[in-house]
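Working notes, beginning with the structure itself.
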């Protein structure tokens, strides 16, 4: 449902290349990109998982939520930049090395943050967190929204609450881009914590990939107890 601004359209139309997650997540960009500008999907070398629902298509596109996958994305972008801007190769290599070191440190930090977590099963707002949980030893055992934008039915809620009881779930997680009213009511009525997991960022406290992923790991560690 993203609506690009006029400034976004102008930027796209003057770009040398567009780097896209793909798999239906950012398909809007194809509609505003002139035919001569390449769109490079950055999933090279990443093991993609099948989607749990058909929101975007057959593939779950949230692969950036694994830090090792983010490192692979960085290398894909760098390789493409090498070909487009050979005179800048040394600068690109230097920046890539710094970024990979930062991502390696972040990956180790997240593993250390989540390793002591006893309750490894989580319930998320929607189907976005499988790459993250698979990478870091957690399991998504339920989601609040059965489909994007669709409120859960009474039967859905009953099944979700059964999962909560069976798995001894301590918390529910909403996402900043969506209304939390319904899931907050469910948490309050059943004595569960409510916390936010953010897959996009772009706010002051989560204005970089590193700060975003660190925040998500700490949120889970603080609430899965």
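Numbering (the working numbering), first residue to last: 756 to 980.
Note that CB positions come from ideal geometry on N, CA and C, so glycine has one too.
Nothing here was measured: the structure is a model prediction, and the numbers come from that model.
Three-way DSSP call (helix, strand, coil) for residue 873 in this model: Three-state DSSP puts residue 873 in coil, outside helix and strand.
Any non-hydrogen atom of the ligand GDP closer than 7 Å to residue 911 Cβ: In the structure shown, the ligand GDP is absent, as is every other ligand, since no ligand is present at all.
Cβ pair count under 8 Å reaching 3, the region 841-855 against the region 884-903: Segments in contact, no.
Validate contact between the region 830-846 and the region 869-883 using beta carbons, cut 8 Å, 3 pairs: Flag = no, the region 830-846 and the region 869-883 do not touch.
Proximity below 8 Å, CB of residue 878 to CB of residue 952: For the 8 Å CB-CB criterion, residue 878 and residue 952 do not form a contact.
Backbone CA spacing between residue 890 and residue 963 [nearest angstrom]: Within the model, the alpha-carbon separation for residue 890 versus residue 963 is close to 20 Å.
Span separating the alpha-carbon of residue 777 from that of residue 796: Each residue's Cα considered, the two are about 6 Å apart.
Backbone CA spacing between residue 847 and residue 822 [nearest angstrom]: Cα to Cα, residue 847 sits roughly 20 Å from residue 822.
Beta-carbon proximity of residue 792 to residue 772, cut-off 8 Å: Yes; because the gap between Cβ atoms is below 8 Å, this pair is in contact.
Contacting residues, own chain, Cβ-Cβ under 6 Å from residue 915 (five flanking each side not counted): Counting only Cβ-Cβ distances below 6 Å, and skipping sequence neighbours, we find 897.
Status (buried if at least 16 other CB within 10 Å, exposed otherwise) for residue 816: When all chains shown are included, residue 816 counts as buried.
Residue 856 classed as buried or exposed, judged by whether at least 16 other C-beta atoms fall within 10 angstroms: Answer is exposed; the Cβ neighbour count stays below 16.
Which residues DSSP lists as bridging residue 774, in chain order: 795, per the DSSP bridge assignment.
Per-residue burial, residue 975 [other beta carbons within 10 Å of its own, 16 or more giving buried]: That one is buried.
Sequence-distant residues of the same chain with beta carbon closer than 6 Å to residue 819, five excluded per side: Non-local beta-carbon contacts of residue 819 in its own chain, meaning distances under 6 Å to residues more than five positions away in sequence, involve 825 in chain order.
Residues of its chain near residue 875, where Cβ-Cβ distance is below 7 Å and the 5 sequence neighbours each way are ignored: If we look at residue 875 and ignore the five residues flanking it on each side, its Cβ neighbours are 892, 893 and 894.
Member of 883, 937, 863 and 922 whose CA lies at the smallest distance from the CA of residue 909: Selected option, being the one with the closest Cα: 937.
C-beta atoms of residue 978 and residue 942 nearer than 8 Å: Cβ atoms of residue 978 and residue 942: not closer than 8 Å.
Beta-carbon spacing of residue 814, residue 805 below 8 Å: A contact, by the Cβ cut-off of 8 Å.
Proximity winner among 881, 802 and 958, relative to residue 907 (alpha-carbon distances): Among 881, 802 and 958, the Cα nearest to that of residue 907 belongs to 881.
Pick from 770, 863, 930 and 781 that is closest to residue 839, judged by C-alpha positions: For the set 770, 863, 930 and 781, the Cα lying nearest the Cα of residue 839 is the one of 770.
Cα-Cα separation between residue 765 and residue 774, rounded to whole angstroms: Each residue's alpha carbon lies about 16 Å from the other.
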